[in-house]
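Numbering (our numbering), first residue to last: 357 to 609.
A virtual CB, placed ideally from N, CA and C, is assigned to each residue, including glycine.
Report on the structure given below.
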């Protein structure tokens, strides 16, 4: 990595997915390619919180997965001095186990022994204000509850680069305020953060810089306000004052 001041660096990153297309009246499908990302260049400096804006299908989640190493780009390079950690609402995948068991498994995967995992899991569940859900199945949690627990789980072991996919925009105001304080602590330790969200309020509150993706291409990289203004022109229904798109319900907890 040649840029010592960068927490994350992407050069000419593209992703092409192999797919099969079916036509009416045809017995067999035809192989085709779907472009997910096209020549994306992005630099996240140490101590930066960068917003990632775009419509559904614009490539945000694909880009985050490539940044984290969960997905390999078709071409281009991703460079980082530390492995970024991606957190999303699908972070825990054992819905029939209890909230406590899921949390313990995550902690065990990060090197805790059984006793440490149990004690720390109970502390994290309390921090997320989910004590009444401790022994209930994970699939009983609302979207906002999953976001709260997922955020605190993602901060274990102090990840140097944190990637967040729609985590802050689905929780209540008190949690987002607390999460913001946590992010500020991480910034003081020179961690980089990338936040993908449909909530312009979330982006405006937490990011001093934002990038806009459109159909897999990065079309803007600059000040947050300018990014939101551009996105509002692409999506006329975006209400910049409230941070949500007209006609969508408020975030639920």
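* **Where residue 409 falls: helix, strand or coil (DSSP)** => strand
* Roughly how many angstroms lie between the CA atoms of residue 516 and residue 463, to the nearest whole one? -> 18 Å
* To do: Compare the Cα-Cα distances from residue 436 to each of 591, 567, 548 and report the closest residue.
  => For the residues 591, 567, 548, the minimum Cα distance to residue 436 belongs to 548.
* Asked: Comparing the CB of residue 514 with every heavy atom of the ligand MG, is any distance shorter than 8 Å?
  -> Among the components modelled here there is no ligand, and therefore nothing to report on the ligand MG.
* Buried or exposed for residue 466, please, with buried defined as at least 16 other CB atoms from any protein chain shown within 10 angstroms of its CB. => exposed
* Okay, do the segment 489 to 501 and the segment 403 to 422 touch, 3+ Cβ pairs below 8 Å being the bar? -> no
* Asked: Which class does residue 364 belong to by DSSP, given the choice of helix, strand or coil?
  -> In this structure, residue 364 counts as strand in the three-state DSSP scheme.
* To do: Assign residue 507 to one of three DSSP states: helix, strand, or coil.
  => The three-state reading of DSSP puts residue 507 in helix, counting H, G and I together.
* Asked: In three-state terms, what does DSSP make of residue 452?
  -> coil
* Look at the alpha carbon of residue 450 and the alpha carbon of residue 482, and state the distance between them as a whole number of angstroms. => 20 Å
* So residue 409 packs on residue 559, CB below 8 Å; how close in whole Å? -> 6 Å
* **Cβ distance (whole Å) where residue 565 is taken to contact residue 404 below 8 Å** => 6 Å
* residue 484 lies in the alpha helix (DSSP H); which residues open and close that run? -> Note, residue 484: premise wrong, no alpha helix (DSSP H); not H, not E.
* Asked: For residue 384, is the classification buried or exposed, using 16 other Cβ atoms within 10 angstroms of its Cβ as the cut-off for buried?
  -> exposed
* If we count the other Cβ atoms within 10 Å of its Cβ and call it buried at 16 or more, is residue 460 buried or exposed? -> Its Cβ being crowded by 16 or more others within 10 Å, residue 460 is buried.
* By how many angstroms is the C-alpha of residue 452 removed from the C-alpha of residue 479? -> 21 Å
* **CA-to-CA distance, residue 390 to residue 376, given in whole angstroms** => Residue 376 and residue 390: Cα-Cα distance of roughly 10 Å.
* Asked: Do you know how far the Cα of residue 456 is from the Cα of residue 406?
  -> 32 Å
* **When 468, 367, 426, 428 are compared against residue 398, the one with the closest alpha-carbon** => 367
* So, using beta-carbon positions, are residue 532 and residue 561 closer together than 9 Å? -> yes
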